[in-house]
Every structure is written in structure tokens, then in C-alpha cells.
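Notes follow the structure.
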Amino acid sequence: MTSAQIFELLRQFIFGGVGTLCFGVLFGIPRKCYLACATTGAVGWLAYELAVMLGVGAVTANLLAAIPLTLLARIFAVTLKAPVTVFLLSGIFPLVPGAGIYYTAYYFIQNDNVQMAASAADTVKIAAALAISISLVLGLPFPKSKQYKQATQPSAEDKKQK
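In the numbering used here, the protein residues as written are 21 to 182.
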């Protein structure tokens, strides 16, 4: 890798984090989760950009990028005691194929059925790749650490109320 490529990856990491943070603020995530959400999105976008830089196609790059993103979302959810969707929804934001959805609708309105079908097929493939990788990672058993057990077990007050 050249220094220009490394600089570009660093730049994309920062842009991915800032974009994710802005979406998280609009989405209304808790303040304590801002940095974790930004990190999740930045890591996912960095993985995507690295895969594209290495010559991987867009669908496979999205599949590969969502894996570390989802792992980080699970880790932050446990450590910050927040729902995993807080980190996953804001973190996946840079990878969502918004341009593909736009062009599919544009070609539909323009009555260009060939271009619309091609754009729709690519968009559905990317969305499916994201869904598959998220499902695979969320389906993995999470190791039961001491901190995780404390966060998920009911407290003495909860037991008294029952």
C-alpha cells in the first residue's frame, strides 16, 4: 500500500465516523453512545473501502464490511448497556445502498425498464448481503463474560418484586 492509499483510507475512516455520528444525532441516540456509534460506522466504512481498494465487488465488500460492524455493535451494546440496534442502525448507515434506490426510482419514472431492472437487482443484492452478514454475526453465541452476566442477571430488588 502506498502512503496515498493509507491517507485515503484514514480520510474515509474519519468521514465514515462523522457521517455516522451526524445520523446518530438525528436518530436520537443517547449521548453516551455517540463515540461508539461513530466508531462502529467508521470501522464498517473502512472495511468497505479497503475491500473495494483490493478489487472486491460492491456486494461482497458490503458483506465483508458488515461483519466487523456488527461485531462492534454487539460489543458496544454490552459494554455501554444499550440495545444493539442503536449501534447497528447508525453504523450501517454509510453502507445502505441509497444511491441504488434513488436510481431505481429514477429509471422507473423515466420508463427505462432495462436500467431500472439492473439498478434494482444490484440494490437488492447489496441489501441482501447486509442482511445476511448481520444475521450471521447476531446468530453467533456471545461469550458469557463476568460483566455480561452482571448486566443480564436480575438484581436483588427485581427478585423481591416478583
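Just so it is clear, CB atoms sit at the ideal spot from N, CA and C, and this is done for glycine as well. These figures come from a predicted structure and were not determined experimentally.
Annotation for residue 136: the continuous alpha helix (DSSP H) segment containing it runs 133 to 159. DSSP places residue 71 within a helical segment (H, G or I) once states are collapsed to three.
For residue 105, the enclosing alpha helix (DSSP H) stretches over residues 104 to 112. Its chain contains 81, 82, 85, 115 as the residues whose beta carbon lies nearer than 7 Å to that of residue 68, once the 5 sequence neighbours on both sides are disregarded; these appear in chain order. Straight-line spacing of the CA atoms in residue 161 and residue 150 works out to 19 Å. The beta carbons of residue 89 and residue 118 sit about 17 Å from each other, so the pair does not count as a contact at 8 Å. Shown here for residue 123: same chain residues with a beta carbon closer than 6 Å to its own, the five before and five after excluded, namely 139 in chain order.
Per DSSP, reduced to three states, the secondary structure at residue 117 is coil, with no helix or strand assignment.
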